[in-house]
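The sequence shown runs 3 to 203 under the working numbering. Virtual Cβ for every residue (Gly too), placed ideally from N, Cα, C. Owing to the predicted nature of the structure, the values given are computational and were not obtained by experimental measurement.
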Amino acid sequence: LMSQQASRMQSLVDDLLTLSKLEGNPLPADFGWVQVGSLMRQCADEGRALSRLVWGRSQEIHLAFDDEDEIAGSETELHSALFNLVGNAVRYTPADKSIRVTWTAGANGQGVLTVTDQGIGIAPEHIPRLTERFYRVDRSRSRDTGGTGLGLAIVKHVLQRHDAELKIDSTPGAGSSFRMVFPAHRVRVAVTRSAELVNQD
Ligand code: ATP
Ligand code: MG
Numbered sequence: 003l004m005s006q007q008a009s010r011m012q013s014l015v016d017d018l019l020t021l022s023k024l025e026g027n028p029l030p031a032d033f034g035w036v037q038v039g040s041l042m043r044q045c046a047d048e049g050r051a052l053s054r055l056v057w058g059r060s061q062e063i064h065l066a067f068d069d070e071d072e073i074a075g076s077e078t079e080l081h082s083a084l085f086n087l088v089g090n091a092v093r094y095t096p097a098d099k100s101i102r103v104t105w106t107a108g109a110n111g112q113g114v115l116t117v118t119d120q121g122i123g124i125a126p127e128h129i130p131r132l133t134e135r136f137y138r139v140d141r142s143r144s145r146d147t148g149g150t151g152l153g154l155a156i157v158k159h160v161l162q163r164h165d166a167e168l169k170i171d172s173t174p175g176a177g178s179s180f181r182m183v184f185p186a187h188r189v190r191v192a193v194t195r196s197a198e199l200v201n202q203d
């Protein structure tokens, strides 16, 4: 029990530190072009490990992306944002249901990184408040899963620093979808594909 409490305290401190580093600081030095595909693979692997920890077995996590597409930003921060969403999907989705992580870059130049689950979902009245610090839909439920309510506040801050937006759609009992929408100036698609996209215009 003590080790459980200690690790809860550790993750709370980690999240608070992450948030305070994000607030009012310029983007860190690791800024550059980040490969979306490798970010997704990494977060999916970590998601499967978390899933084994939480559920005793790994949920299916499916990926769909175009190789070599990139986002301009901080790899550390983008990883933290995506893993927070994948972590939520794992925790708030039953063990026998699956999770999808997709990346699409459209002709308008925007790039969208989406995490979709088939979990418990979120009632509409909670959705506008989810990115507030410490906001949790159901305290008793979150206590079971060990959450502190800082994850989506971190996601929101990371996205603000990348000129991006978080969009949330959910149906209680059916599942949720969290979309991170990056503007064209932060997205670079593979050279071969950028010609195809232009031809679609
Ligand atoms: P942590 O700080 O450990 O991430 P948390 O998961 O409780 O704790 P957030 O990630 O900020 O906090 O999420 C806020 C709340 O939003 C959660 O407590 C949960 O009620 C709800 N939520 C987030 N993601 C999902 C999801 N995919 N499905 C259902 N509910 C979700
Ligand atoms: Mg969370």
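For residue i, is the classification buried or exposed, using 16 other Cβ atoms within 10 angstroms of its Cβ as the cut-off for buried?
i, result
"Q61", "buried"
"L3", "exposed"
"H164", "buried"
"S172", "buried"
"V36", "buried"
Could you have a look at residue i and say whether DSSP puts it in helix, strand or coil?
i, result
"A107", "strand"
"L132", "coil"
"S179", "strand"
"R10", "helix"
"R138", "coil"
"A51", "helix"
"V117", "strand"
"K99", "coil"
Should residue i be listed as close to the ligand ATP, given that the test is whether its C-beta is under 7 Å from any heavy atom?
i, result
"L18", "no"
"V15", "no"
"A97", "no"
"V139", "yes"
Tell me, to the nearest whole angstrom, how far the beta carbon of residue i is from that of residue j; I am working on the premise that it is less than 8 Å.
i, j, result
"G111", "A186", "3 Å"
"L168", "T133", "7 Å"
Segment contact, 8 Å Cβ cut-off, at least three pairs: the region 149-157 with the region 79-95:
When C-beta atoms of the region 149-157 are compared with those of the region 79-95, three or more pairs fall below 8 Å, so the two segments count as touching.
Would you be able to state if there are at least three C-beta pairs under 8 Å between the region 86-95 and the region 110-125?
yes
How do the region 39-55 and the region 161-178 stand: do at least 3 beta-carbon pairs fall below 8 Å, yes or no?
no
With a cut-off of 8 Å, do at least 3 Cβ pairs link the region 65-79 to the region 103-110?
yes
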